[in-house]
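Undergrad: My questions all concern the structure below.
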Amino acid sequence: SYWGSWSIVSLGNALLVIIVVMILASLNINETKKAMTDMFQNADTESTVKTGVIGLYTGFSQAAETYEMFSNNQKELVNSLSSMYEQIDDSNTQQSLKYVETTYKRLYDIENNHESAKSQTISLVNTYLNLFSSMSNEQKELVKQIIPYYIDEYYHTMNDNTSTKNRLINAIGNYLSDTIKKQYEQVSDENVEKIKNLVISSIDTYNGRIDGINDATKLKTIAKEVSTEVSFEIIRLATDTSLSEQVNYLIDDLKEKYEERKESFIGNVDNYYNESLSNAVIDVIVNSLEDFAYLNYLPSYKVEYITSVRGLPLIKESTGTVDSNGNIIYKEVESTKYEPDKFIRVNGTMGNAPSILEKKNKAIITGKEYSDKEIKKAKEDAKSSIDMSKKYISSFMVEFINRNYENKNAYFDGENIDYEAIKNKSIDTIIEEGQNTIINQYNTAKGTSIISIDELPSDYMGMTGESIIKLLRVYAVSGLSSYNDLYNEYSNKYSMMDAMLVSMSLACKTVTGSLPLDLMDTLTELGNMNTYGFMVGVVAFGMACLLMPLVYTIILSNGLVAEKVETGSLAFTLATPTTRNTFVFTQAVYLAVSEIASGIILFLGAIISREVGIAIGGTDFLESLLLSDILKFALGSVMVIIAMSGICFLSSCIFNKTRYAIGIGGGINIFFFICSILGLFGSKAMPGAIRIDSMDIFNYFTIDSLYDGLAAMNGEAIYWLKLVGLLAISLITTNIGIAYFNKKDLPL
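Structure follows, in structure tokens:
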């Protein structure tokens, strides 16, 4: 009769798994999975292309701007300083200044008004220079610019013994510092004063170096040297504080190169700018990239608060006014410190994925900073991207600084940078890089060696090579267009770096990137999920196919020992030469063998249904339901039943009444089975959309969780360790049952 029950249970169980597999064979789950994978792949491609093209564009344009700004400003500054040094002891200049003093004093004595006398003196001196002076036109223009400052200096010192030369030196300092103040409005008054003192000090340096030298060529060389040296520090002081770090690095690098090749620089300024300045600019831009590029590679976290475009949490602050109903009017302002009680929460509980700026401000948003280990890994991950940027920026700078006799090239029209040309260069570069990346990814995945995007099969990304190129261009163009519009909007509100990061963050955001973090994780999980393996390995073998064998095991275990004791039929068996140990051991072996045989039938049913499913069109099974996985599923399912049978057998050996044996042994296993059902909703095998993490606690109250279908699919070693645990439970409970049965008093 037991074999009849066994046959029904085994065939029923096999039929159950056959039905599940055949239903799955009629579905095209992998098509849905592929569509979802393509969606994420395209979203990732969009984000990567936009980030890349914006990074290249900002790198190219900033390198060009820095090169032009520094070279033009330094050249202009060096030339002005050099000319002024040479004018200090020039006889024509001294004669002109004497005329200025005489003219001003006469007019001032008449009118006793400084501004009026100054204005008339400037007019008369300019006429004198234009008509009678033997100075060159360049000298005349320089003296005309200095005269107003010289008159002011003379006005304050005309009653003391200050020399014309010292007045001129102070006037030059005032003139240059005032000129820089007008050109660079952000320069502080403190730095203006420092610039003035630097200029005056440099004149003393120049005078000291030319002492005893009369050679005109040497004098010009010394003027160039001194003016170049002081120009570095003047530019440093005149720089916007938001760029001070980059400019300081640039100047330090240039000064080092200048000191190494001072003579060649003075003799060939263009060569210096082409080599030293270009390389220094590249280093500065790359260093700037390193300061924020790694942020993209930092781990995500859940942003539960509303943040500003700069990634700072918002709080409500009273405006001090009330509305018509008498309610206080609040405004939202950025917070720069961690104060969660004041932060405005995101609607719902899912939270958002962090932007690059929210990663930068993680400590303010969450109260916890990224660890040194996380930052180090992010910087290592960003290195290849930075190296690629450096390669392209270096190549661009070679093209940018090489110009024709009219000082023109593809990116410079002789006077201005051609940003449209730089934009096109960035787009073409990122499209080429994108094609190469896609080709390399395909070759790595498929083991091929294609060299052209046109050779790519259309089913790889769901489009032809030509369509991929068009898509990359659309992403690049839209990304740059959005970035430029956003940068124009935010550059007037924030520092250059903040405006750039805000614009980049907003311009690179994709539809999927705007989804809540938990939903994004769920969709990603579904896209990566092996649905066939989950349904067969976790649901069918790990749950559905346990129920009938469990009922069979409870009944059989009770019938093999406890029932025979209760009915007294065991007395007839023991009346023969059969010993207690032989009897109970035989019953245990019979129980285990019947369970194993049932598992073999289940395995064969799954194999047959898989092959039939493939034959009728379920080709997804070839990659999603492997024979090796089915073998592991069947083995795991059998091991769970054997462990349960050990518990039931132990109960049957301990109790003499069947109601106790079934109640205790069967009750424990039914409890385990129910816990496994509840625990499934909290296990990692369950998709995140319906997973309830807190329910994972039930998996700690059941031996059924030692069967890990997910680990079996992933080929993890822990799967086998858990099976060893099930085997140990079976052996321990069975042997305890045998030992207890051999020693207990039988009511026969």
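Just add 165 to the spot in the sequence shown (first one is 1) and you have my numbering. The C-beta atom is built at its ideal place from N, Cα and C for all residues, glycine as well. Fair warning: this is a prediction, and the values are worked out from it, not measured in the lab.
1. Would you tell me roughly how many angstroms separate the C-alpha atoms of Val357 and Ile365, rounded to the nearest one?
2. Rounded to the nearest angstrom, how far is the Cβ of Ile634 from that of Val218, given a contact under 8 Å?
3. In angstroms, rounded to a whole number, what distance separates the CA positions of Pro464 and Ile529?
4. Could you say which of Lys538, Thr629, Gly770 and Glu425 lies nearest to Cys710 if we only look at CA atoms?
5. Considering only C-alpha positions, which residue in the set Ala882, Gly801 and Ile616 is nearest to Met765?
6. Nearest to Val777 by alpha carbon, out of Trp168, Trp171, Lys548 and Val182?
7. With a threshold of 9 Å between beta-carbons, can Glu545 be considered close to chain D, or not?
8. Within 10 angstroms of the Cβ of Pro478, are there 16 or more other Cβ atoms? Answer buried if so, exposed if not.
9. So, using beta-carbon positions, are Arg856 and Phe846 closer together than 9 Å?
10. Could you tell me the distance, in whole angstroms, from the CA atom of Ile883 to the CA atom of Leu892?
11. So the beta strand (DSSP E) Tyr495 belongs to, where does it begin and stop?
12. My assumption, with CB atoms under 8 Å, is that Ile360 sits in contact with Leu333. Please give the rounded CB distance.
13. Under three-state DSSP, which class holds Phe748?
14. Taking the Cβ atom as the reference point for each residue, do Thr329 and Lys270 lie within a distance shorter than 9 Å?
15. Residues in its own chain within less than 7 Å of Met878 by CB, not counting five upstream and five downstream?
16. Would you list, in sequence order, the uninterrupted alpha helix (DSSP H) runs of no fewer than 4 residues that lie entirely inside the stretch 443-497?
17. Please report the distance separating the alpha-carbon of Ile502 from that of Phe706.
18. Return the CA-CA distance between Thr567 and Tyr319, expressed in angstroms with no decimal places.
19. Could you tell me the distance, in whole angstroms, from the CA atom of Leu815 to the CA atom of Thr609?
20. Once the 5 residues before and after Asn238 are set aside, which same chain residues still bring their CB inside 7 Å of it?
21. Buried or exposed, going by whether 16 or more other CB atoms sit within 10 Å of the CB of Ile220?
22. Could you check which residue in Leu442, Asn517, Gly485 and Asn244 has the C-alpha nearest to that of Gly476?
23. Who does Phe577 pair with in a DSSP beta bridge?
24. Mind checking whether Lys849 and Tyr872 have CB atoms under 9 Å apart?
25. Measure the Cβ-Cβ separation of Ile551 and Met669 and say whether it is below 9 Å.
26. Suppose you measure from the CA of Asp663 to the CA of Gly485; what does that come to, to the nearest Å?
27. In terms of residue numbering, what span does the alpha helix (DSSP H) encompassing Phe846 cover?
28. Taking only runs of the beta strand (DSSP E) that begin and end inside the stretch 514-553, which ones reach a length of at least 3 residues, in chain order?
29. When we look at the beta-carbon of Tyr717 and count the other beta-carbons within 10 Å, is it buried (16 or more) or exposed?
30. Label Leu180 either buried or exposed according to how many other C-beta atoms from any shown protein chain fall within 10 Å of its C-beta, with 16 as the threshold for buried.
31. If you draw a straight line from the alpha carbon of Val395 to that of Leu363, how long is it in whole angstroms?
32. Do the CB positions of Gly216 and Asn461 come within less than 9 Å of each other?
33. In this structure, how does DSSP classify Phe508 when only helix, strand and coil are distinguished?
34. Quick one: measure Cβ to Cβ for Thr455 and Arg510, integer angstroms, because I've assumed they're closer than 8 Å.
35. At which residues does the alpha helix (DSSP H) containing Pro313 begin and terminate?
36. Closest to Val754 by CA distance: which of Glu654, Asn492, Ile450 and Ile807 is it?
TA: Judging by the given coordinates:
1. Spanning the two alpha carbons is a distance of roughly 13 Å.
2. Wrong, their Cβ atoms sit about 14 Å apart, outside the cutoff.
3. Roughly 16 Å separates the two Cα atoms.
4. Checked all of Lys538, Thr629, Gly770 and Glu425; the closest Cα to Cys710 is Gly770.
5. Per the sequence shown, the amino acid found at residue 765 is Ile instead of Met. Closest in C-alpha terms to Ile765, from the list Ala882, Gly801 and Ile616, comes Gly801.
6. Nearest of Trp168, Trp171, Lys548 and Val182 to Val777, Cα basis: Val182.
7. Absence of chain D from the displayed structure is noted, only one protein chain being present.
8. By the neighbour-count definition (other C-beta atoms within 10 Å, threshold 16), Pro478 is a buried residue.
9. The criterion of a C-beta distance shorter than 9 Å is satisfied by Arg856 and Phe846.
10. Those two C-alpha atoms are separated by around 14 Å.
11. Tyr495 -> beta strand (DSSP E) spans Ile493 to Glu499.
12. With a beta-carbon spacing of about 17 Å, Ile360 and Leu333 fall beyond the 8 Å limit used to define contacts.
13. For Phe748, the secondary structure class from DSSP, reduced to helix, strand or coil, is helix.
14. Not closer than 9 Å, so no.
15. Scanning its chain for C-beta atoms nearer than 7 Å, with the 5 sequence neighbours on each side dropped, one finds around Met878 the residues Asn695, Gly698, Gly702 and Asp794, in chain order.
16. Fully enclosed alpha helix (DSSP H) runs of 4 or longer: 443-458.
17. Going by the sequence as given, residue 502 is Lys instead of Ile. One C-alpha to the other measures close to 53 Å.
18. In the sequence on display, residue 567 carries Asn and not Thr. Rounded to whole angstroms, Asn567 and Tyr319 show a C-alpha spacing of 48 Å.
19. Distance between the alpha carbons of Leu815 and Thr609: 55 Å.
20. The answer, listed in chain order, is Ile400.
21. Inspection of the sequence shows that residue 220 is occupied by Gly rather than by Ile. The residue in question, Gly220, is buried, as its Cβ has 16 or more Cβ neighbours within 10 Å.
22. Here the closest residue by C-alpha is Asn517.
23. Under DSSP, Phe577 takes part in a beta bridge, and its partners are Asn574 and Ile582.
24. In this structure, Lys849 keeps its C-beta atom at 9 Å or more from the C-beta atom of Tyr872.
25. It is not a contact, given that the beta carbons lie outside the stated cut-off.
26. Distance between the alpha carbons of Asp663 and Gly485 is about 30 Å.
27. No alpha helix (DSSP H) holds Phe846; DSSP gives it neither H nor E.
28. None, since the stretch 514-553 contains no complete beta strand (DSSP E) of that length.
29. With a 10 Å radius around the Cβ and a threshold of 16 neighbouring Cβ atoms, Tyr717 comes out buried.
30. Looking at its Cβ environment, which holds fewer than 16 other Cβ atoms inside 10 Å, Leu180 is exposed.
31. In this structure, the straight-line span from the alpha carbon of Val395 to that of Leu363 is close to 7 Å.
32. Note on identity: in this sequence residue 216 is Thr, with Gly being the wrong assignment. A contact, by the Cβ cut-off of 9 Å.
33. In the structure shown, Phe508 sits in a strand (DSSP, three-state: E or B).
34. First, the amino acid is wrong: residue 455 is Glu here, not Thr. Cβ atoms of Glu455 and Arg510 stay farther apart than 8 Å, at about 34 Å.
35. For Pro313, the enclosing alpha helix (DSSP H) starts and ends at Asn302 to Thr322.
36. If we check each option's Cα against that of Val754, Ile807 comes out closest.
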